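Remarks on the structure that follows.
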Amino acid sequence: MLVQRVALSTVRVDSWTVLGGDDDVPVEPIERYLAYLTDVDRSPNTVRAYAYDVKDYWTFLAHRGLDCREVRLEDLGEYVVWLQLPPSGREGEVAVRTGNALRPVSYLDTGRVP
């Protein structure tokens, strides 16, 4: 996924979108939300910050195989934990210590941070 600047020539203001999928097209639910923020006169910097945050959330949902319309409270809790992981751990593996050795464990498989 990629956050991309969008130049709106009609109002001479920059906005932001999130591109996803194999063909890098705007993610429609995110696009609608960011367009709403622009329509209610949120600062382009605010829209940009929200675009990055929503991209992270969408990435989490995709890794977990979750639909944004069916998120449970437990999923939000797991998202908060996921945000606290280093970026390398967000991809699915984190190193955990077992005795004196480190071994990779898939966070996405266990659903828990060691």
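Read in order, the letters of the sequence shown correspond to residues 797 to 910 in this note's numbering.
Each residue gets a CB set at the ideal place from its N, CA and C atoms; glycine is no exception.
Since this is a predicted model, take the numbers as computed values, not measurements.
Taking the alpha-carbon positions, what's the residue i to residue j distance?
| i | j | result |
| --- | --- | --- |
| ASP810 | LEU879 | 28 Å |
| TYR832 | ARG844 | 13 Å |
| ASN872 | SER839 | In the sequence as displayed, the identity of residue 872 is Leu instead of Asn. Answer to the nearest angstrom: the Cα atoms are 27 Å apart. |
| TYR853 | TRP812 | 16 Å |
| ASP837 | ARG865 | 26 Å |
| VAL823 | ARG868 | 21 Å |
| SER884 | HIS859 | 14 Å |
| THR842 | LEU830 | 10 Å |
| GLY861 | ASP835 | 31 Å |
| ARG870 | VAL802 | Inspection of the sequence shows that residue 870 is occupied by Glu rather than by Arg. Going by the C-alpha atoms only, they are around 34 Å apart. |
Have a look at the options and flag the residue whose alpha-carbon is nearest the alpha-carbon of residue i.
| i | options | result |
| --- | --- | --- |
| LYS851 | ARG801, SER839, VAL814 and VAL802 | VAL814 |
| ASP820 | VAL799, VAL867 and ALA847 | VAL799 |
| ALA847 | ASP863, ARG828 and VAL877 | ARG828 |
| ASP863 | VAL802, PRO825 and ASP818 | PRO825 |
From what residue to what residue does the alpha helix (DSSP H) around residue i run?
| i | result |
| --- | --- |
| GLN840 | One point to set straight first is that residue 840 is Pro, not Gln, in the sequence displayed. Taken as a continuous stretch (DSSP letters only), the alpha helix (DSSP H) holding PRO840 covers 840-860. |
| PRO882 | Run containing PRO882: none; DSSP gives neither H nor E here. |
Give me whichever residues DSSP pairs with residue i in a beta bridge.
| i | result |
| --- | --- |
| ASP801 | The amino acid at residue 801 is misidentified as Asp; the sequence shows Arg. Note: ARG801 sits in a beta bridge opposite TRP812. |
| PRO825 | Note: PRO825 sits in no beta bridge, so no partner. |
Could you pull out every residue in the same chain whose Cβ sits closer than 6 Å to the Cβ of residue i, ignoring the five residues on either side in sequence?
| i | result |
| --- | --- |
| TYR875 | PHE856 |
Below 7 Å CB to CB, which residues in the same chain sit around residue i once its five sequence neighbours on both sides are set aside?
| i | result |
| --- | --- |
| ARG886 | TRP878 |
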